[in-house]
DNA sequence: ACCTACCGGTTGACGTGTCAATGATGCTAA
DNA sequence: TTAGCATCATTGACACGTCAACCGGTAGGT
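Here it is in structure tokens:
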């Protein structure tokens, strides 16, 4: 499936000019898309996408609370990153942290009323923005293709991670 | 082309569950892809993708030098971002800055020998990584589709920016 | 001449992310 | 028992980005 340039044993080493152009378009546009969604969310609700991910996870959790490392793996963050982020969110009153009763040394992250309220206010505008910037930009076929491309890229990332 | 849900005048407001799942897959995977390329570049050459973009532009410039704001618009950065980044690159000896002879108050950015050398060493592994992570992950059809998706998303970003 | 407005560039404050080091506490094996 | 050792979480140092403020100088308009 790879290395399929005919007449070139071992395959070509580097991307062609066309492939490179598409790569740059693709990576720059998707990252710009992320930034725009981020700043839209910020304007609409004073939350970052990081805040949103944390609040979403807590909102859906039993008792609106989760152990710190459980939360980290749920949203796919390193614990260090989460710890820094929770510190900032705690300063803003969006969450609270307390000792975990069941797990020694564990930290329980709790959604505060202000955090729940901020999340409620952010949800609708955020989903609407996703529709405007992504869903409305593409045809149904393109959306399906985007899903397949993401899956293929993810699979490749996973394969290369294990080597 | 948008708002095309039949029987629902005005169109639906929010993405469907499927669309949302694809959105999350897409945005998370593309951003993970960017991070992986970034850290690969870092390991191979001690350069960030930002460094790479600056060095690439300077390498291709007349006399391996550019005016600061010209460089900024060439790589699509805000002036402030570039100024911060050039400060860091200057500390590492990758570039130099000097007063511009032709434009009063202008700042000329020069590629140093060390910068040129670092760029030379980074190019091949970086392009190879793009091939491994992106080109090799997708079929030719998917690569073409990725180009079209990027173009459509970019067009939408541009439209929404003007409103 | 003077005031204003813009222009090129820098700076500071702050949020964010990674990495490596550090507590603090249990588990296990000599 | 005690010397490691893994685990949960935090911290500090640093790179990176954005935003708003600032500086110095040129250009217009009155």
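Protein chains in written order, with the working numbering: chain A, 1 to 163; chain B, 1 to 163.
For glycine and all other residues, C-beta sits at the position ideal for the given N, C-alpha and C.
Query	Result
Stretch pair the segment 95-114 of chain B + the segment 13-24 of chain B: three plus CB contacts closer than 8 Å	no
Residue of A:43, A:86, A:50 and A:64 minimising C-alpha distance to residue 173 (chain A)	Because chain A in this structure spans residues 1 to 163, residue 173 (chain A) falls outside the shown range and cannot be described.
Proximity winner among B:128, B:146 and B:82, relative to residue 40 (chain B) (alpha-carbon distances)	B:128
DSSP state of residue 2 (chain B) mapped onto helix, strand, coil	With a pLDDT of 45 at residue 2 (chain B), under the threshold of 50, the modelled position of that residue is not reliable, and the figure given next carries that caveat. Residue 2 (chain B): coil per DSSP, three-state reduction.
Beta-carbon separation (whole angstroms), residue 75 (chain A) vs residue 53 (chain A), contact threshold 8 Å	5 Å
Unbroken stretches of the beta strand (DSSP E), 3 residues or longer, contained in the segment 34-109 of chain B	65-67 and 95-99
Residue range of the alpha helix (DSSP H) that includes residue 153 (chain B)	140-161
Within-8 Å CB hit, residue 173 (chain A) to chain B	Outside the modelled stretch of chain A, which goes from 1 to 163, sits residue 173 (chain A), for which no answer is possible.
Cβ-Cβ separation, residue 45 (chain A) to residue 125 (chain A) (assumed contact under 8 Å), whole Å	7 Å
Sub-8 Å separation of residue 37 (chain A) and residue 130 (chain A) beta-carbons	yes
Neighbour flag for residue 13 (chain B) against chain A, beta carbons, 8 Å	yes
Cβ-Cβ separation, residue 32 (chain B) to residue 157 (chain A) (assumed contact under 8 Å), whole Å	6 Å
Members of the segment 116-144 of chain A that neighbour chain B once the beta carbon cut-off is set at 7 Å	127, 128, 130, 131, 132, 133, 134, 135, 136, 137, 138, 142 and 143
Spatial distance of residue 29 (chain A) from residue 154 (chain B) (CA atoms)	6 Å
Residue 141 (chain A) burial status per 10 Å Cβ neighbour count (16 or more: buried)	exposed
Proximal residues of chain B, C-beta to C-beta of residue 25 (chain A) below 9 Å	146, 147, 150, 151 and 154
For residue 116 (chain A), the first and last residue of its enclosing alpha helix (DSSP H)	113-130
Alpha-carbon spacing of residue 152 (chain A) relative to residue 83 (chain B), whole angstroms	37 Å
Cutoff 8 Å: residue 171 (chain B) Cβ touching any chain A Cβ	Nothing about residue 171 (chain B) can be read from this structure; chain B reaches only from 1 to 163.
Whole-number beta carbon distance between residue 58 (chain B) and residue 66 (chain B), since they are thought to touch under 8 Å	6 Å
Per-residue burial, residue 60 (chain B) [other beta carbons within 10 Å of its own, 16 or more giving buried]	exposed
Own chain partners of residue 108 (chain A) with C-beta closer than 8 Å, once the 5 adjacent residues on each side are dropped	65, 66, 67, 68, 97, 98, 99, 100 and 101
DSSP state of residue 164 (chain A) mapped onto helix, strand, coil	The first residue shown for chain A is 1 and the last is 163, placing residue 164 (chain A) beyond what the model contains.
Residue-level contact to chain A via CB, residue 75 (chain B), 8 Å cutoff	no
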